[in-house]
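Visitor:
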Amino acid sequence: MMRVVAVLCSPYRGGNSDTLAEAFVSAIPAESVERVAVSDLQVTPCRSCRACHTTGPCVLQDDAAGVYERLLAADVVVVATPCHMCGFPSAAQALLERAQFLWAQRYRLKRTPHTTTKSHFQRKLFAIITGGQKAEWVVDGMVRALKAWGCLIGAPLCAVMFAGGLHEHKDAAGDAQLRHHAALLAASAFPPHFTKL
0 MMRVVAVLCS PYRGGNSDTL AEAFVSAIPA ESVERVAVSD LQVTPCRSCR ACHTTGPCVL
60 QDDAAGVYER LLAADVVVVA TPCHMCGFPS AAQALLERAQ FLWAQRYRLK RTPHTTTKSH
120 FQRKLFAIIT GGQKAEWVVD GMVRALKAWG CLIGAPLCAV MFAGGLHEHK DAAGDAQLRH
180 HAALLAASAF PPHFTKL
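Residue numbering for the sequence shown follows numbering that gives the first Met the number 0, starting at 0 and increasing by one per position.
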């Protein structure tokens with residue numbers, strides 16, 4: 000069975016990025032999907048101690064290690080996030096930065112991070128970014144960060160859906176075309192027989 004992890008980055012639950020993430024996973028068999036809500040996690044920001052440069056694992060004891068175990072076991076990861084000041088919400092940024100231990104394993108310790116997916120499917124990363132601004136340049140830095148992060152978790156960034164012009168928390172819920180677009184994004188990730196579209 001293929002495994003999908005949806006990382007819900009918004010501090011506000013049930014808003015636009017969550018709604019579009021649900022539209023994405025609605026196209027996938029439910030038993031394959033795991034949701035990780037960053038707002039439910041205790042994640043300490045990276046403190047740049049560089050312990051992982053010699054030991055491999057991060058020395059901080061919180062929820063990040065368990066999240067990365069699940070990410071490394073996934074065939075598809077979808078990150079759904081609002082754009083806050085041209086970047087990620089602070090808790091989500093902390094979670095992304097905690098991937099430093101994977102960088103250390105690959106580039107300092109010359110170890111390939113171990114993915115535990117059981118399928119023969121090419122691992123993929125997708126992103127859904129929402130925001131009030133319509134100009135795509137506001138998410139350029141986020142896309143670059145996700146490309147780098149995807150390399151660290153071994154799942155290249157394949158596609159980004161940017162939904163701008165969403166000013167209220169429930170705007171995406173009232174836009175059927177936008178939700179359908181998110182479902183089509185999921186359909187592009189999988190073999191035709193796997194999705195429900």
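The beta-carbon is built from N, C-alpha and C at its ideal position, and this holds for glycine as well.
(1) Using DSSP bridges, identify the partner residues of Glu33.
(2) Check whether the region 121 to 141 touches the region 39 to 56, counting contact only when three or more Cβ pairs, one atom from each stretch, lie closer than 8 Å.
(3) Which whole-angstrom value describes the C-beta separation of Leu177 and Leu7, a residue pair presumed to lie in contact below a C-beta threshold of 8 Å?
(4) Assign Leu108 to buried or exposed, taking buried as 16 or more other Cβ atoms, counted over all protein chains shown, within 10 Å of its Cβ.
(5) When we look at the beta-carbon of Cys48 and count the other beta-carbons within 10 Å, is it buried (16 or more) or exposed?
(6) On the CB-based measure, 16 or more other CB atoms within 10 Å of its CB, does Asp17 come out buried or exposed?
(7) Ile152 and Leu71 - do their beta-carbons sit closer together than 8 Å?
(8) Considering Cα atoms alone, identify which of Asp39, Arg2, Phe87, Ala126 is closest to Glu68.
(9) Are the beta-carbon atoms belonging to Ala171 and Asn15 less than 8 Å from one another?
(10) So what does Met160 bridge to, in DSSP terms?
(11) For Pro56, which residues in the same chain have their Cβ closer than 8 Å to its Cβ, ignoring the five residues on either side in sequence?
(12) Taking the runs of the alpha helix (DSSP H) that are 4 residues or longer, which of them lie wholly in the region 60 to 113?
Guide: In short:
(1) Indexing the sequence shown from 1 puts residue 33 at position 34. Answer by DSSP bridge pairing, in chain order: Val4.
(2) no
(3) Sequence index remark: in the sequence shown, residue 177 carries index 178 (1-based). Sequence index remark: in the sequence shown, residue 7 carries index 8 (1-based). Leu177 to Leu7, Cβ: 17 Å. No contact.
(4) Position 109 of the sequence shown, counted from the start, is the residue given in the question as residue 108. Its Cβ having fewer than 16 others within 10 Å, Leu108 is exposed.
(5) Reading the sequence shown from its first residue, position 49 is the one you call residue 48. Per the 10 Å Cβ criterion, exposed.
(6) Here residue 17 is taken as the residue at index 18 of the sequence shown, counted from 1. That one is buried.
(7) For the purposes of this step, residue 71 is identified with residue 72 of the sequence shown, where counting begins at 1. For the purposes of this step, residue 152 is identified with residue 153 of the sequence shown, where counting begins at 1. In contact: Leu71 and Ile152 (Cβ atoms closer than 8 Å).
(8) Within the sequence shown, numbered from 1, the residue matching residue 68 stands at position 69. The shortest Cα separation from Glu68 among Asp39, Arg2, Phe87, Ala126 belongs to Arg2.
(9) Translated into positions along the sequence shown, residue 171 becomes position 172. Translated into positions along the sequence shown, residue 15 becomes position 16. Result yes, Cβ atoms of Ala171 and Asn15 sit closer than 8 Å.
(10) Against the sequence shown, residue 160 aligns to sequence position 161. For Met160, which the question treats as bridged, DSSP gives the partners Ile127.
(11) Counting from one through the sequence shown, the residue named residue 56 turns up at place 57. Cβ neighbours of Pro56 beyond the five flanking positions: Ala64, Phe100.
(12) 63 to 71, 89 to 96, 99 to 102
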